[in-house]
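Colleague: If you count the sequence shown from 1, you need to add 66 to reach the working numbering.
Idealized CB from N, CA, C, for every residue including glycine.
The structure follows.
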Amino acid sequence: MPSYTPQLFNEPDSDHLCGVLERILYLNEENHYCVGELKIDGKPARSITINGTLPGVQCGETLELKGSWHTHPQYGRQFKVKSFQSRLPATVYGIKKYLGSGLVPGIGKTYAEKIVDTFGLETLDVITNDSGRLREVPGIGPKRAKDIKKSWDDQHAVRDVLMFLQTYGVTVSQCLRLVKRYGNTARQVLESDPYLAAREIDGIGFKTADKIAINLGFANDSPKRIDAGILHALKELEADGHTGFPIDDLQTHATELLQTDAALVGERIQVLENNKDLRYNGLAGLIQLPHSFFAEEAIAQALNRVQNAPSALPSIKEEIAADWAQERAGFDFAPEQRESLLCCLTNKVSVLTGGPGTGKTTILKALVDILKAKHVRLMLASPTGRAAQRMTETTGAFASTIHRMLKWDPGQGQFSANEDKPLGCDFLIIDEASMLDTRLASAVLKALPTRAHVVFVGDIHQLPSVGSGNVLHDIIACGEVPTVELKQIFRQREESGIVSTAHRILAGTPAPPKPVENLRELQRKYDLQFIKASDQQECLQKVIELCRDLLPRWNIDAIKQAQVIAPMHRGICGIANLNVELQKNLNAQQKSIQVGIIRFQEGDKIIQTRNNYDKGIYNGDIGTVTHINTDVGTLSADFDGTPVNFERLEMGDLQPAYAISVHKSQGSEFPVVILPLLKAHFMLLQRNLLYTGLTRGKRKVFIVGDPVAYAMAVNNAESKERHTGLLSLLKH
67 MPSYTPQLFN
77 EPDSDHLCGV
87 LERILYLNEE
97 NHYCVGELKI
107 DGKPARSITI
117 NGTLPGVQCG
127 ETLELKGSWH
137 THPQYGRQFK
147 VKSFQSRLPA
157 TVYGIKKYLG
167 SGLVPGIGKT
177 YAEKIVDTFG
187 LETLDVITND
197 SGRLREVPGI
207 GPKRAKDIKK
217 SWDDQHAVRD
227 VLMFLQTYGV
237 TVSQCLRLVK
247 RYGNTARQVL
257 ESDPYLAARE
267 IDGIGFKTAD
277 KIAINLGFAN
287 DSPKRIDAGI
297 LHALKELEAD
307 GHTGFPIDDL
317 QTHATELLQT
327 DAALVGERIQ
337 VLENNKDLRY
347 NGLAGLIQLP
357 HSFFAEEAIA
367 QALNRVQNAP
377 SALPSIKEEI
387 AADWAQERAG
397 FDFAPEQRES
407 LLCCLTNKVS
417 VLTGGPGTGK
427 TTILKALVDI
437 LKAKHVRLML
447 ASPTGRAAQR
457 MTETTGAFAS
467 TIHRMLKWDP
477 GQGQFSANED
487 KPLGCDFLII
497 DEASMLDTRL
507 ASAVLKALPT
517 RAHVVFVGDI
527 HQLPSVGSGN
537 VLHDIIACGE
547 VPTVELKQIF
557 RQREESGIVS
567 TAHRILAGTP
577 APPKPVENLR
587 ELQRKYDLQF
597 IKASDQQECL
607 QKVIELCRDL
617 LPRWNIDAIK
627 QAQVIAPMHR
637 GICGIANLNV
647 ELQKNLNAQQ
657 KSIQVGIIRF
667 QEGDKIIQTR
677 NNYDKGIYNG
687 DIGTVTHINT
697 DVGTLSADFD
707 GTPVNFERLE
717 MGDLQPAYAI
727 SVHKSQGSEF
737 PVVILPLLKA
747 HFMLLQRNLL
757 YTGLTRGKRK
767 VFIVGDPVAY
777 AMAVNNAESK
787 ERHTGLLSLL
797 KH
């Protein structure tokens, strides 16, 4: 790597600069745009502001820059970077800054000082070539020395890949996934077959791989490219909820994506099927990815296996048991409630469904009471932690998440409970079953003992699962599983605006509460209120005022007890901007850490966006940031009583959660819900979306927006059809 002589180009008007990156003031991980402070070589007292595309740079690095000077109207004179080269720091100061930046896990500011004080200018050579000597530093033992060496090597692999990919728009988090999967061979893998990464790594898209491949000389109609495009097309369709797709439609979709000849795509679909990279479900007429094909097959086989096997339950006189549970509850069950209780007791597989206020919880508790009295081995589970906690509170029996019940084994990369090691239960109750996607349903049913009973409890009118499939809908629609739908709203809930309005939404009646013009007109006695806002800016302002001013006056903690649920991610009233503005107005903490474009602060509400089996937290789990260590760049959070620590590289799976999407809110209940609803959200104004958002509120719901948008949502009963193979398998 060439080096420049500082005296020749570190001049006020030079187009070349060299120095140590002192601070990163702003970093956008998506496009690598960075604003930082550079301490000029040979002029230690002088720092300048630089900006430009600088992928993967870290504090303490020595950067050799080419660019030009310009004057920013607000921030003054800056150096705009056109190209750069990075070299390891060559001064004691630079090495301390580099190691103390949190770049290498295990080395914070304190250990950076100790290591550099011990080895001086030889520090980086020692870490690279003779890491055993790190044990000469007080406080560093064999394990820490080994960890530091591994982190150092991983970081160099990341940098190598980053520099190779910087022109392709690959994010730092994507590079980290590549290095985690392929280690030091990541660059070689990409050069030989970039499409392999798109197939094997979540978060590496086909478009990124395709851009790399085209630049490396891969032909537009090469079999590797077409195969990767077809598989990517099916993955995209899975992200939309489908578990498979009609072959002609898949061919059209992939042809448009690849911008190539349809006949070639058709040929490669056939080749992929012959090679078992794709599977054909003849009953449903769908082409599927193997994992979806086998998951749906496993669900159908498990339900058939359980339904046709004898029961493990002791003798239960169902009518007498129902009378006992009714007496224990202290009131008479409605006929359909009693019917649902008997249905669950007498059938090996059954479904209990119904909207809010129809008594699902009452029957669930009665069922649990009967089974506990009979000493039945009982398990209760739900897809989310919050739903499981609510289940425990309402039934008096312990409930867990499905993931924890099945016990993920990181060493094996699979659940410990499976068909070979089934769950130790005779009766399983799954709540919030509308959230079950195909993969999770497959895992739990494969682990269900053959003689056990299973009851699916859920609301079929809510949004379908975030993951692919429509499991609860398909189980009900097949006609083979006894199902009871509770429809009657009970007297104690009829006065609830939330419950009555939810049922009016299902009936297609757009009758919200009378909108008020300003927050002063809101009354504490109502559980559902509508605040009028004519545009996005007014809506945003009223949401902020609700959270910042009104809720505290009503003794409601806006962070812990309230949840903003928004239909869209972008725009002034989108989830991203709502999070920025609510953080600014609700959390005054100054201790923070910047991750890409997101700044996390102590006290922030956060949400996990990807299943992390090793840490035991899953997509949709909500927590609170409890501590940020700026020295080593780590973040600690509490997820419903479970402490979790994150290294900087793991924070890409976290998002602020002051505002979340309707999908992410599924399975949760919040004391207070705030729903922005505007005509600008027209793409997502659907009946089941509004219904799901509204029914997340337990004590109060505030709708902020336009009554016309509300009517648009209620009148739009069309929801996207999901192509799945499960229904046809269950019927046959």
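Which class does W620 belong to by DSSP, given the choice of helix, strand or coil?
Modeller: Here W620 sits in coil by DSSP.
Colleague: Which class does F359 belong to by DSSP, given the choice of helix, strand or coil?
Modeller: Three-state result, F359: helix.
Colleague: State the CB to CB distance for the pair V255 and I292, rounded to an integer number of angstroms; the pair is presumed to be in contact (CB under 8 Å).
Modeller: Not quite, the Cβ-Cβ distance comes to about 20 Å (not below 8 Å), so this is no contact.
Colleague: Nearest to K681 by CA position, among T692, I672, T690, F712, is which residue?
Modeller: Measuring from the Cα of K681, the nearest candidate turns out to be F712.
Colleague: Among residues of its own chain, excluding the 5 on either side of R452, which ones have a beta-carbon nearer than 6 Å to its beta-carbon?
Modeller: Excluding positions up to five away in sequence, the list reads S734.
Colleague: Name the residue from T450, R456, L430 whose alpha carbon lies nearest to the alpha carbon of L444.
Modeller: Of the candidates T450, R456, L430, the one whose C-alpha sits nearest the C-alpha of L444 is L430.
Colleague: Just list the beta strand (DSSP E) runs in the segment 627-671, keeping only unbroken ones of 3 residues or longer that don't cross its boundaries, in chain order.
Modeller: 628-632, 658-661, 664-667, all fully within the segment 627-671.
Colleague: Assuming contact is defined by CB atoms lying nearer than 8 Å, are P576 and V728 in contact in what I supplied?
Modeller: It is not a contact, given that the beta carbons lie outside the stated cut-off.
Colleague: From G425 to F556, what distance separates their C-alpha atoms?
Modeller: Using only the alpha carbons, I get a separation of about 8 Å.
Colleague: Name the residue from P515, C613, Q660 whose alpha carbon lies nearest to the alpha carbon of G647.
Modeller: It should be noted that the sequence gives Glu, not Gly, for residue 647. When each option's Cα is compared against that of E647, the closest is C613.
Colleague: Have a look at P155 and V192 and give me their C-alpha separation to the nearest angstrom.
Modeller: Distance between the alpha carbons of P155 and V192 is about 14 Å.
Colleague: Considering only C-alpha positions, which residue in the set Q732, D435, P581, T461 is nearest to I382?
Modeller: I382 has its Cα closest to that of D435, out of Q732, D435, P581, T461.
Colleague: Measuring only the C-alpha atoms, how far is L407 from Q221?
Modeller: The alpha-carbon atoms of L407 and Q221 are separated by roughly 58 Å.
Colleague: Given a threshold of 16 other Cβ atoms within 10 Å of its Cβ, counted over all protein chains shown, does K146 qualify as buried or as exposed?
Modeller: Burial call: exposed.
Colleague: Pull up the DSSP beta-bridge partners for I726, would you.
Modeller: In the DSSP output, where bridge partners are listed per residue, I726 has I631.
Colleague: Since P289 is in the beta strand (DSSP E), which residue starts that stretch and which ends it?
Modeller: Run containing P289: none in the beta strand (DSSP E); it sits in the alpha helix (DSSP H), 289-305.
Colleague: Tell me whether S508 sits in a helix, a strand or coil according to DSSP, three-state version.
Modeller: Three-state DSSP puts S508 in a helix.
Colleague: Assign H863 to buried or exposed, taking buried as 16 or more other Cβ atoms, counted over all protein chains shown, within 10 Å of its Cβ.
Modeller: This structure cannot speak to residue 863, because the chain is shown only from 67 to 798.
Colleague: Please look up how many angstroms separate the CB atoms of T504 and E362, rounded, as I've assumed it's under 8 Å.
Modeller: Indeed they touch by this definition, with Cβ atoms about 6 Å apart.
Colleague: State the Cα-Cα distance for the pair E790 and L316, rounded to the nearest angstrom.
Modeller: The question names Glu, but residue 790 in the sequence shown is Thr. About 14 Å.
Colleague: Below 8 Å CB to CB, which residues in the same chain sit around R371 once its five sequence neighbours on both sides are set aside?
Modeller: Closer than 8 Å at the Cβ level, and outside the excluded window around R371, lie T516.
Colleague: Verify whether the separation of the beta carbon atoms of T309 and G535 is less than 8 Å.
Modeller: Taking 8 Å as the Cβ cut-off, T309 and G535 qualify as a contacting pair.
Colleague: Nearest CA to the CA of C859: which residue from R590, G348, V417, R456?
Modeller: As shown, the chain starts at 67 and ends at 798. That puts residue 859 outside it, with no answer to give.
Colleague: Looking only at DSSP bridge pairs, what is A279 linked to?
Modeller: Paired residue(s): none; A279 is not in a bridge.
Colleague: State the Cα-Cα distance for the pair L572 and Y757, rounded to the nearest angstrom.
Modeller: When rounded, the distance between both Cα atoms is 7 Å.
Colleague: Is S80 helix, strand or coil when you go by DSSP?
Modeller: Correct three-state label for S80: coil.
Colleague: Determine the closest residue to H98 out of G396, D107, V245, G118, with distance taken between C-alpha atoms.
Modeller: That would be G118, whose Cα lies nearest to the Cα of H98.
Colleague: Among residues of its own chain, excluding the 5 on either side of L585, which ones have a beta-carbon nearer than 8 Å to its beta-carbon?
Modeller: Excluding residues within five positions, the ones whose Cβ falls inside 8 Å are I597, K608, E611, L612, D615, L616.
Colleague: Put H441 into one of helix, strand or coil per three-state DSSP.
Modeller: In the structure shown, H441 sits in coil (DSSP, three-state: anything other than H, G, I, E or B).
Colleague: Look at the alpha carbon of H82 and the alpha carbon of A632, and state the distance between them as a whole number of angstroms.
Modeller: Taking the straight line joining both Cα atoms gives about 47 Å.
Colleague: Suppose only complete runs of 4+ residues qualify. What are the alpha helix (DSSP H) ranges in the segment 458-491, listed by chain order?
Modeller: Runs found: 468-472.
Colleague: Assuming K650 contacts I694 under a Cβ cut-off of 8 Å, what Cβ separation, rounded to an integer in Å, is found between them?
Modeller: With a Cβ gap of about 17 Å, K650 and I694 do not count as contacting.
Colleague: Which whole-angstrom value describes the C-beta separation of A275 and A263, a residue pair presumed to lie in contact below a C-beta threshold of 8 Å?
Modeller: 6 Å between Cβ atoms; contact.
Colleague: Determine the DSSP secondary structure at P208, reduced to helix, strand or coil.
Modeller: Three-state result, P208: helix.
Colleague: Classify G396: buried if its beta carbon has 16 or more other beta carbons within 10 angstroms, exposed otherwise.
Modeller: With fewer than 16 other Cβ atoms within 10 Å, it is exposed.
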